[in-house]
Amino acid sequence: MRLARIALAVVLGCGVLAAVGGPEDQLAPAQRAEALLQRMTRDEKLTLLHGGSACGYVGCVDGIERLGIPALHLQDGPAGVGGGLTGVTQLPAPVAAAAAWDPGVLSSYGKVLGAEHRGKGSDVVLAPTVNIVRDPRWGRAFESLGEDPYLTGRSAAAEIEAIQAEGPMAQVKHYAVYNQETARNTPAGNATIDERTLHEIYLPAFEDAVAAGVDSVMCGYNPVNGVFPCENGDLQNRILRDQLGFPGFITSDWDATHSTVASALNGLDMEMPDAQYFGPPLTASGLDVDEHVRRILTAMFRRGLFDHPSTGSLTAPVTSVSHAKTAREIAEQGMVLLKNDGDVLPIGGGVHSIAVIGNGGDAGVLSQGGGSATVSAPYVISPYQGLKERGGPVTYQPGTARADGALPTVPLTLTGSVFPNTALSGPAIATRTDAGLDGTWRGGDPGTGIASDWSARWTGTLIPPTTGTYTFSLTNTDGARLTIGDKLLIDNGWTERSLRTTSRSIYLTGGQPVPVTLTFAQYTGNAAVSLGWTRPGQNLHDDAVRAAASADLAVVVVGRFSTEGADLSDLDLPAAQNALVTDVAAANPNTVVIVNSGSAITMPWASRVRGIVEAWYPGQEYGHALADLLHGDANFSAKLPVTFPRALSDAPAFAPARWPGGRYSEGLQVGYRWYDARGIEPLFPFGYGLSYTTFKYSDLKLSGATVSFTLTNTGPRAGAEVAQVYVQQPAATGEPIRNLRGFTKLTLQPGQSQRVTIELDARSFQHWTGTWTTSPGTYTISVGSSSRDLPLAASMSRP
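And the structure:
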């Protein structure tokens with residue numbers, strides 16, 4: 122101790138060396154932070170507590186040059202480097218990675234996140250999202266890790282460790298009870314929840330994140346029991362810091378700070394994205410801010426940001442062949458085979474033609490969800506592309522318009538001129554050529570360096586293939602106009618507006634060239650413009666059904682987009698997609714449906730089709746991964762991290778008082794626990810997923826907290842199985858019928874058996890009574906392949 126004091130005194134006398142290196146490097150991060158803190162003025166301390174000057178990242182904290190304190194860059198997000206940056210890898214949605222039920226997959230996921238953020242100069246990765254999927258209507262369910270706290274916690278811990286091993290900090294989010302977008306960040310979004318439910322369902326994943334060494338926590342939007350999270354001392358000080366022992370710093374979600382004194386006293390360390398409350402108001406408050414600064418500096422030293430500052434940059438290309446390969450592998454390990462009647466899959470030698478049906482099969486491919494998790498992919502392989510590359514005759518028909526109403530893209534090459542204003546005036550700053558105009562630009566910048574207040578004019582010549590009435594669709598943000606020949610066909614205005622689609626018809630003569638002009642103005646936010654059409658006599662639905670009928674196998678791709686900022690109103694696909702599946706299945710008995718969603722959806726046609734695959738939002742390698750699985754080059758091994766109900770009315774939070782009313786009166790009965798307690802048969806249960814092989818469980822033995830059993834591959838192919846362990850506590854505890862408390866994934870060859878051992882932790886036998894309590898009585902341990910398929914069970918007593 123005396124030597125440490127002497128060393129600290131030496132550092133205090135070293136001035137700037139405390140920040141940039143020297144003999145103090147041998148000290149612990151906390152000691153180095155303390156030495157530096159003592160040299161800071163109050164204004165310098167306050168600089169670290171809020172967003173500063175714009176720096177190109179979504180969050181920027183100014184550095185302090187005098188002391189060698191580097192700027193801190195925070196960047197989205199949970200599915201790859203976001204914020205509109207290019208040259209990055211679009212990974213599958215986090216829920217797809219969670220569906221692998223394999224911490225190793227989450228480690229690979231985190232490794233790509235950490236490496237690419239580091240390469241882009243990002244110091245803090247705003248990930249992972251560990252909020253529980255309380256209701257499948259939640260708009261951000263796709264960026265979560267499922268409905269179960271144990272699976273979420275194990276997955277998050279692996280991802281966090283991998284991110285931070287690459288250099289940046291991870292910032293786990295959104296602490297603590299954030300499960301809907303409706304009325305978010307307002308008092309109306311309040312979550313009324315009891316202590317037991319809070320500790321057993323919504324906090325364990327954050328506890329696992331702390332145990333994994335996460336550097337930072339983001340406090341969320343929605344009030345908990347009447348208090349906004351970022352000023353909630355019960356959540357931030359009593360629970361997160363005192364009970365869970367979190368040593369790092371807490372950052373607000375963007376605009377989630379609602380006070381100065383209350384937030385500072387109750388645990389918030391850093392306001393984002395600006396200084397509304399932690400700038401001049403905090404200066405004027407006279408509050409002691411040393412502890413806040415100490416936590417931030419300690420985390421920066423611990424992560425090596427002083428000794429090994431990032432050399433990355435916003436413009437650096439950070440994706441790679443290796444990262445794309447990882448994205449493909451994660452997509453393969455995350456897709457869930459839900460139905461495979463008559464072994465319609467894998468595609469066999471008897472299949473000589475495949476019809477890919479559905480707008481999402483190619484032109485309207487859906488690879489990701491929306492909001493801060495959006496990633497600018499370098500490319501996206503559609504299901505049609507993936508299957509066509511794999512070989513064999515493959516055709517494509519969209520079947521429906523896109524979910525936003527856009528018709529199939531016009532196959533017309535247009536030349537565009539981009540102007541640095543919204544008036545199409547002056548010299549163009551860039552030109553571009555688009556072979557079919559269908560562009561979306563996150564952040565508003567189409568590669569010109571201008572993210573707002575720009576306009577563009579595209580021109581080209583269309584030669585109609587036949588004579589008749591053509592219908593054109595114009596989909597855009599802000600302002601856009603379409604002129605065909607000398608007719609202004611569509612006028613979508615010229616002011617700042619959200620995305621919308623307008624369709625109009627015009628009679629054209631076959632073979633007669635007609636000029637096409639499309640003008641577009643972008644004001645702020647994301648930019649999108651798409652030009653679509655249907656030809657005379659073309660009926661998307663009927664054409665698709667005919668194509669399916671003439672093929673040996675029909676692969677129908679359906680999906681529903683979900684996004685931050687908006688919850689879904691129901692769990693149904695658009696009516697046109699359900700009708701398309703039903704009619705294709707009637708035309709072709711060998712129909713396989715690929716569902717692309719962020720969480721559970723209803724499937725009224727499930728009994729009519731032979732195969733169903735849940736693909737989630739699979740990222741840029743979507744089509745390659747899907748083709749690998751459908752052809753049997755890879756085997757399905759994923760399991761559902763959420764329950765799929767038969768109807769929305771079966772879901773735990775269906776009652777309006779619960780959703781969006783915010784009363785968490787279902788208590789512990791979240792996800793599969795609800796269906797078990799009510800005796801409701803789900804469409805597909807939590808933990809469920811098929812393989813091209815089969816497995817047998819046998820010979821269960823219990824020895825204390827050690828569970829062992831034999832797993833055998835009884836099928837014809839090598840495959841991986843996720844063995845799951847559930848614990849039922851004594852009835853007097855009031856616990857759910859079963860809780861997931863262990864799992865492992867094993868790959869076995871045909872006929873191979875392996876003895877499996879899983880150690881249950883102390884929490885497996887505890888419940889919250891104000892502290893973690895183990896009750897005497899009989900505990901039942903069940904083992905199997907899903908929450909509803911548990912062939913092995915044994916009991917044990919606890920004194």
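Its first residue numbered 122, the sequence shown is counted upward by one per residue in the working numbering. Note that CB positions come from ideal geometry on N, CA and C, so glycine has one too. A quick note: this is a predicted structure, and the numbers were derived from the prediction, not measured.
As the crow flies, the alpha-carbon of residue 688 is around 28 Å from that of residue 653. Put simply, the region 446 to 453 touches the region 228 to 238. At least three CB pairs are less than 8 Å apart.
C-alpha of residue 632 to C-alpha of residue 199: approximately 49 Å in a straight line. Judged by DSSP in its simplified three-state form, residue 228 adopts helix. With distances taken between CA atoms, residue 625 lies nearest to 590 out of 586, 590, 599 and 614. The beta carbon of residue 666 sits closer than 7 Å to the beta carbons of 704, 705 and 708 from its chain, once the five residues preceding and following it are set aside; these are given in chain order. Closest in C-alpha terms to residue 549, from the list 841, 571 and 611, comes 571.
Under a 10 Å Cβ-count criterion, residue 241 is classified as buried, with 16 or more other Cβ atoms of the shown protein chains found around its own Cβ. Excluding residues up to 5 positions away in sequence, 560, 561, 562, 596, 597, 598 and 620 lie with their Cβ nearer than 8 Å to the Cβ of residue 649 in the same chain. Between the beta-carbon of residue 214 and that of residue 264 there is about 6 Å, and that keeps the pair under the 8 Å contact cut. In the assembly as shown, residue 162 is an exposed residue. Its beta-carbon has fewer than 16 other beta-carbons within 10 Å. Taken through DSSP and simplified to helix, strand or coil, residue 396 comes out as coil. Scanning 724, 209 and 383 for the CA closest to the CA of residue 436 turns up 209. Taking the CA atoms as reference points, residue 454 sits about 7 Å from residue 757.
Looking only at 487, 714, 771 and 634, the smallest Cα-Cα distance to residue 462 is reached by 714.
By the Cβ-count criterion, residue 509 is buried, with 16 or more other Cβ atoms from all chains shown falling within 10 Å of its own Cβ. Relative to the Cα of residue 607, the nearest Cα in the group 634, 647, 592 and 613 belongs to 634. In the three-state scheme derived from DSSP, where H, G and I count as helix and E and B as strand, residue 590 is classed as strand.
Here residue 284 carries a helix assignment [DSSP, helix/strand/coil].
Residue range 827 to 834 is occupied by the beta strand (DSSP E) that includes residue 832.
By alpha-carbon distance to residue 751, the top candidate from 504, 325 and 180 is 504. For residue 847, DSSP records a beta bridge to 861 and 903. In this chain, the beta strand (DSSP E) harbouring residue 339 covers 337 to 340.
DSSP, reduced to helix, strand and coil, places residue 675 within a strand of the structure shown. At a Cβ-Cβ threshold of 7 Å, residue 539 and residue 551 count as neighbours. When DSSP states are grouped into helix, strand and coil, residue 760 belongs to the coil group.
DSSP places residue 579 within a strand segment (E or B) once states are collapsed to three. The Cβ atoms of residue 245 and residue 268 lie no closer than 7 Å to each other.
Here the C-alpha atom of residue 316 lies approximately 8 Å from the C-alpha atom of residue 891.
In terms of Cβ geometry, residue 908 and residue 807 form a close pair [threshold 7 Å].
The region 336 to 344 and the region 368 to 376 touch, with no fewer than 3 CB-CB distances between them shorter than 8 Å. Three or more beta-carbon pairs separated by less than 8 Å are not found between the region 740 to 748 and the region 787 to 794, which leaves the two stretches without contact. Classified as exposed, residue 802 has fewer than 16 neighbouring CB atoms from the shown chains inside 10 Å of its CB. With fewer than 16 other Cβ atoms inside 10 Å of its own Cβ, residue 686 counts as exposed.
For residue 643, the enclosing beta strand (DSSP E) has its first and last residue at 635 to 643. In this structure, the beta-carbon distance from residue 496 to residue 211 falls below 7 Å.
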